[in-house]
Amino acid sequence: MASTQQQQQLSAIKGAKVLMVGAGGIGCELLKTLALSGFQDIHIIDMDTIEVSNLNRQFLFRQSHVGQSKAKVARDAVLRFRPQISITPYHANVKDSSFNVDFFKQFNVVLNGLDNLDARRHVNRLCLAADVPLVESGTTGFLGQVTVHIKGKTECYECQPKPAPKTYPVCTITSTPSKFVHCIVWAKDLLFAKLFGDKNQDNDLNVRSNDTATSSDHSEDIFELRKDEDFQQYANRIYDHVFGHNIQTALSNEETWKNRNKPRPIYVKDVLPDEPVQQNGSADQMLVKDSLSSLSAMSYLGLKNPQDIWSLKENSRVFFAALKLFFTKRQKEIGNLTFDKDDHLAVEFVTAAANIRAASFNIPLHSLFEAKGIAGNIVHAVATTNAIIAGLIVIEAIKVLQNEAKNCRMTYCLQHPSRKMLLMPVEPFEPNKSCYVCSETPLLLEVNTHRAKLRDLVEKIVISKLGMSLPLITHGSSLLYEVGDDLEEDMVANYAANLEKVLSELPYAITGGTNISVEDLQQELVCNINIKHREEFDEEKEPDGMVLHGWTPAPASENNKDATDNNGASTSSTSKSAPAVMEDDDELSIMEVGVETVSAVGKKRKLSDVPHPETLVEDKRAKKIPEQPENNGDVVVMLDDGNDAA
Amino acid sequence: MNGEELTEQETALYDRQIRVWGVDAQRRLSKSHVFVSGLKGTTVEFCKNIVLAGVGSLTLNDDNPVTENALAANFLIPFDDNIGGGGSLADLCCDSLKDFNPMVHVSVEKGDLSSFDVNFFEKFDVVVISCCSLAAKKSVNEKCRKLSKRVAFYTVDCRDSCGEIFVDLQNYAYAKKKADETVECQLLFPSFEEAIAIPWRSLPKRVSKLYFAMRVVERFEEVERRKPGETSIEDLPNVLKLRNELCLAHSLNESQIPDSLLERLVASTKEFPPVSAVLGGILGQEVIKAISGKGDPLKNFFFFDSVDGKGLIEDISTS
């Protein structure tokens, strides 16, 4: 009997065509395990190329592959031990238009090993539209999870809201930082961007919200090198301006400091009094082996260990050295730079600037290693968790292929055992009836229709919140906005003009009570949005100037009163059922690092990693499983604590 | 801290995992020596994991020739003329593993596991054995225990879609973080022989059925003088008979070791690759914990069955 089951399993595996999205940490493990398990036809999409920091876990890659396509190298590596199978790599973004619903329809199951929320949502929608089951996964450090999403049978990836991108109020960053991460955001998004980035971009560096009077007129050119000054004068001036003058000015606003510790202005002459004309020697001295990639303020200054915490003096020296290297050796890039965690000099500059600011505000200083983690949103990752999660993905995928949706489980990989379990299976949840993605429930948008422009709606809601990439906005039967390659010129001009119009002044005015429809042609997702006019918004709490309702879940008022206890990262009551979003890989634009990104918890699922593992899975629904007919004394799925009848 | 810093190369390569376990743990890993005997899918997964993690050295032992069966769950050996070729499993796995991380010293130790004496094991901090007899498990475990230094001992076995890990860290003290303070914790592990000698009746209720089933199959192989994993569906009646005898001796209800579970274990001795990945991952994590002294170690059995999807820790000890 066992062997007939195995035969059936094997033929389901052999006949399957599977799509893997992501060839990173989980992807490498997954591709290997799929191949060993007998899968014959695997397609794999990944837009990334290989980096050194991948090699500690993405075992299909070697040093010599750095810079090459992950999807292609992974394919070649697996074909070495399974040459007879077919692996089709795509070095491309899964959001490319060629990966449309028809493309997805050719697969029996889609397996995600992704590193960002945006792509996960996109794949979720395509799987729903194509009606292809999705096995989703994520890991952070020793924690991981695998979930199964089958249209109409289990919840979709977006039935539970995900933690929103962590944003900080502007004035916390510009005026009142209280944590090191605030200093990092300031150094990276404001100072770095101001000095080296696009000059035309909005930048709040000199904006202090309570302090408009002092936003001096000349602040615009303060960051430009003046004709009559040399580099050192310029560097000193910048330093004194951002770490001295700006703090001094902020101090004059008594109101701000009533309940806060006052910061201390820092000037060059106080920190480096003996170095009046700083290293006037040529920057070439800084370049022992002067290849661009190895430009380093640290090595010039003899600072070796990235784990060390530098003094204020050292940070200031790194600041000047890094600034000088940018201005002398990478001048061509100035004006076009964006912060990149793999740009060593940029990390040095941001670390130093953040630390000097932290010193001002009496916030503990951090090492370059730590600062890099925060600035680059680097997610912790180890090979073992990825291997375990990949194994679990294949186990679920095989159940899906054998049409055993009933036996599918979401599985959590825990760091500390909960009721003896390190790997904990949980019965999947039913679709959320108020999910705007899989149930197409209308959303409600509160907005000031006389002030907000269509552009605000598109950027802050349609793209950022609804995760659409090719949106089409209609009001009744009239088109207000559309994105696409094949549009007529006059339409493009028309839409561009609409973008700048206030909602109530659009050709088909959007006002309170209006119902608009937003559609993504690639994702085949339609959202209806009811508009409600509202005059005022709280700048700090509602920085978008508009509030979207309905994309958080319907209130689940069942059991647990303690839904928001400290089970994890999320403390906001609106995101209490946020499931664990975890990232497999390096990039993510969202999490506040330092907070373990995982752990998130559900009101229903109560999954917590670190703090309270014993509170896991309190959902009543988990307990109904033992009621299912037992399968001949064989080991029964049992999520309840004990009471194993067999 | 023992002063030595990681090299720039190490810092760059291990960046993401140093963010998980810290520089100190990484340094300890790079000085540790691991021995693995019996190279099938699960141990190969484990080897990959610890080579990537950056242990100091890994010594492989498996003189078996490369057969098609041996390659079923092995991704280390390129599929070409290697089948039936000259090299042993250990030789070929070694070549491949070296490639994974040039900073790890990977080598082969030839010889039968039972021929290694106590002194041999002194070179290692961690010993992992797999695909071996009950007698070999007991004797290697005892040899490790005779040494004055602590050698962490593990066994791992995967049959069909089930698996078992056994851990013996002897007398193990580690720092445990509780809220803000760090407390010293101490755990006393029994040897394999001691653990399996504990009468079944006195075990906690609801011990995983796999624990009992594995003992039955292990005993069967010993009595019948089979090589590990050398069973088939034809053996089922005799295995069930042995199950009944053992249950009677231990006063355990036979339903605690279901026929269907035993059938799976004897009929299909092949490893199911996803389960190998899970077991190799858990074992890798445990070994990293033991070397680095960070995190609660698993005490002292781990079971995974892909049918129910649970990964369970069982404490089978008298203390």
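Quick note, the sequences are listed as chains A and B, same order. Going by full-length UniProt numbering, the first sequence opens with residue 1, and the numbers climb by one from there. Going by full-length UniProt numbering, the second sequence opens with residue 1, and the numbers climb by one from there. Quick reminder that beta carbons are idealized off the backbone N, C-alpha and C, glycines included.
Check                                                                                                                                        : Outcome
Cβ neighbours of residue 231 of chain A in the same chain (closer than 8 Å, five flanking residues each side left out)                       : 225, 324, 327, 328
Any alpha helix (DSSP H) of 4 or more consecutive residues that is wholly inside the segment 240-278 of chain A                              : 246-251, 254-257, 268-271
Pick from A:342, A:401, A:172, A:423 that is closest to residue 372 of chain A, judged by C-alpha positions                                  : A:342
N- and C-terminal bounds of the alpha helix (DSSP H) containing residue 27 of chain A                                                        : 25-37
Residues near residue 510 of chain A by beta carbon distance below 7 Å, same chain, minus five either side                                   : 449, 475, 503, 504, 516, 531
Environment of residue 111 of chain B [buried if 16+ CB atoms lie within 10 Å]                                                               : exposed
For residue 380 of chain A, three-class secondary structure by DSSP                                                                          : coil
Coarse secondary structure for residue 655 of chain A, derived from DSSP in three states                                                     : Nothing in the structure corresponds to residue 655 of chain A, since chain A is present only between 1 and 646.
Residue range of the unbroken beta strand (DSSP E) whose run includes residue 43 of chain A                                                  : 41-45
Residues from the segment 130-154 of chain A in contact with chain B, defined by Cβ distance under 7 Å                                       : 141, 142
Closest by C-alpha distance to residue 357 of chain A, when choosing among A:297, A:387, A:247                                               : A:247
Test item: CB-CB of residue 320 of chain B and residue 305 of chain A under 9 Å                                                              : Past the boundaries of the shown model lies residue 320 of chain B; chain B is included only from 1 to 319, so the question cannot be answered.
Bridge partners - residue 186 of chain B, DSSP secondary structure assignment                                                                : B:173
contact_flag[the segment 71-78 of chain B, the segment 88-102 of chain B] where n(CB pairs < 8 Å) is 3 or more                               : yes
Simplified DSSP state of residue 12 of chain B, which is helix, strand or coil                                                               : helix
Spatial distance of residue 151 of chain B from residue 144 of chain B (CA atoms)                                                            : 6 Å
Assumed close pair residue 394 of chain A, residue 412 of chain A - CB separation to whole angstroms, cut-off 8 Å                            : Wrong, their Cβ atoms sit about 17 Å apart, outside the cutoff.
Own chain residues within Cβ distance below 6 Å of residue 298 of chain B, not counting five before or after                                 : 167, 286, 313
Touching by the beta-carbon criterion (3+ pairs, under 8 Å), the segment 56-76 of chain A and the segment 416-430 of chain A                 : no
C-beta contact flag for residue 45 of chain B and residue 26 of chain B at 9 Å                                                               : no
Cut-off 6 Å between Cβ atoms - residues of its own chain near residue 389 of chain B, not counting five sequence neighbours on either side   : Residue coverage of chain B in this structure runs from 1 to 319, which leaves residue 389 of chain B outside it and unanswerable.
Residue 468 of chain A - containing beta strand (DSSP E), residue span                                                                       : Neither: residue 468 of chain A is in no beta strand (DSSP E) and is coded neither H nor E.
Proximal residues to residue 97 of chain A (C-beta, below 7 Å), its chain only, five neighbours per side dropped                             : 522
Element boundaries [beta strand (DSSP E), containing residue 509 of chain A]                                                                 : Segment: none, residue 509 of chain A is in no beta strand (DSSP E) and carries neither H nor E.
Any chain B beta carbon closer than 9 Å to residue 388 of chain A                                                                            : yes
Residues near residue 118 of chain A by beta carbon distance below 7 Å, same chain, minus five either side                                   : 467
Distance, residue 436 of chain A Cα to residue 482 of chain A Cα                                                                             : 21 Å
C-beta neighbour in chain B for residue 429 of chain A, strict 9 Å                                                                           : no
Interface residues of chain A facing residue 322 of chain B [CB-CB closer than 7 Å]                                                          : Given that chain B is displayed from residue 1 to residue 319, the structure contains no residue 322 of chain B and the question cannot be resolved.
Through-space distance from residue 136 of chain A to residue 103 of chain A, alpha-carbon basis                                             : 19 Å
Bridge partner(s) assigned by DSSP for residue 166 of chain B                                                                                : B:155, B:301
Nearest to residue 201 of chain B (by Cα), restricted to the options B:186, B:306, B:29, B:256                                               : B:256
Proximal residues to residue 389 of chain A (C-beta, below 7 Å), its chain only, five neighbours per side dropped                            : 26, 137, 139, 144, 146, 413
Cutoff 9 Å: residue 322 of chain B Cβ touching any chain A Cβ                                                                                : Absent from the model: residue 322 of chain B. The displayed extent of chain B is 1 to 319, so no value can be given.
Cβ contact (3+ pairs, closer than 8 Å) linking the segment 495-502 of chain A and the segment 540-552 of chain A                             : no
Beta-carbon contacts of residue 410 of chain A that lie in its chain and below 6 Å, excluding the five residues immediately before and after : 147, 426, 428
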